[in-house]
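Residue numbers (my numbering), protein chains in the order written: chain X, 53 to 118; chain B, 53 to 118.
For glycine and all other residues, C-beta sits at the position ideal for the given N, C-alpha and C.
Quantities reported herein were computed from a predicted structural model and do not represent experimental measurements.
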DNA sequence: TACAAATGTAAAGTTTATTTTACATTATGA
DNA sequence: TCATAATGTAAAATAAACTTTACATTTGTA
């Protein structure tokens, strides 16, 4: 699975820390997510999508290997 | 977070095991998810939503406590 | 009723998400 | 250039997802 968090965050002009605070996770979690180092929970995905005003499917994209 | 998996599964006429096989998890994982015993990963949520032909947000719903 | 399928549940184990702390590197603005 | 903000990264610890095995209960149906 890949994601567009970095792009959406840039559109909103937010830092990783800003986003982390808004969705109540650590900055490292955001950083690792942007680097696709792990798959976030559905709660986190829903919060991020809601914050960015886009559907989950537009931000998190399944890949063939998933 | 709550979810409508049980309802959507009934609409499709699938058993927990059917669904488990389709999204490559164990039947117990589906059973526990339906009982909201834990929050699934985003990959799993995307697979389930795709299978049901509905957006993630229609199947997984954030609550105030999230 | 009886049998089978479906569901519920539980415990132990493995894997993975997330936190915390800490430091190094990179960008940016005065 | 200097200072500071932002980002990258890493290791250790904790929490949570998910698996496997196993059994009990419920439900549908012949």
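Taking the straight line between their C-alpha atoms, what separation do you get for residue i and residue j?
i, j, result
"residue 73 of chain B", "residue 95 of chain B", "15 Å"
"residue 115 of chain B", "residue 60 of chain B", "19 Å"
"residue 78 of chain B", "residue 85 of chain B", "11 Å"
"residue 107 of chain X", "residue 58 of chain X", "16 Å"
"residue 69 of chain X", "residue 68 of chain B", "40 Å"
"residue 87 of chain X", "residue 71 of chain X", "15 Å"
"residue 83 of chain B", "residue 91 of chain B", "12 Å"
"residue 62 of chain B", "residue 76 of chain B", "19 Å"
Would you mind giving the Cβ-Cβ distance between residue i and residue j, rounded to the nearest angstrom? I have them listed as a contact below 8 Å.
i, j, result
"residue 54 of chain B", "residue 113 of chain B", "5 Å"
"residue 98 of chain B", "residue 109 of chain X", "7 Å"
What is the residue span of the alpha helix (DSSP H) that residue i lies within?
i, result
"residue 73 of chain X", "68-75"
"residue 84 of chain X", "79-86"
"residue 115 of chain B", "Neither: residue 115 of chain B is in no alpha helix (DSSP H) and is coded neither H nor E."
"residue 64 of chain X", "57-64"
"residue 106 of chain B", "Run containing residue 106 of chain B: none; DSSP gives neither H nor E here."
Is there a Cβ of chain X sitting closer than 8 Å to that of residue i, yes or no?
i, result
"residue 114 of chain B", "yes"
Using a C-beta cutoff of 8 Å, does residue i count as contacting chain B?
i, result
"residue 66 of chain X", "no"
"residue 70 of chain X", "no"
To be precise: take each residue of the stretch 78-110 of chain B, compare its Cβ to all Cβ atoms of chain X, and keep it if any distance is under 8 Å. Which residues remain?
Flagged, chain order: 91, 92, 93, 94, 95, 96, 97, 98, 99, 101, 102, 107, 108 and 109.
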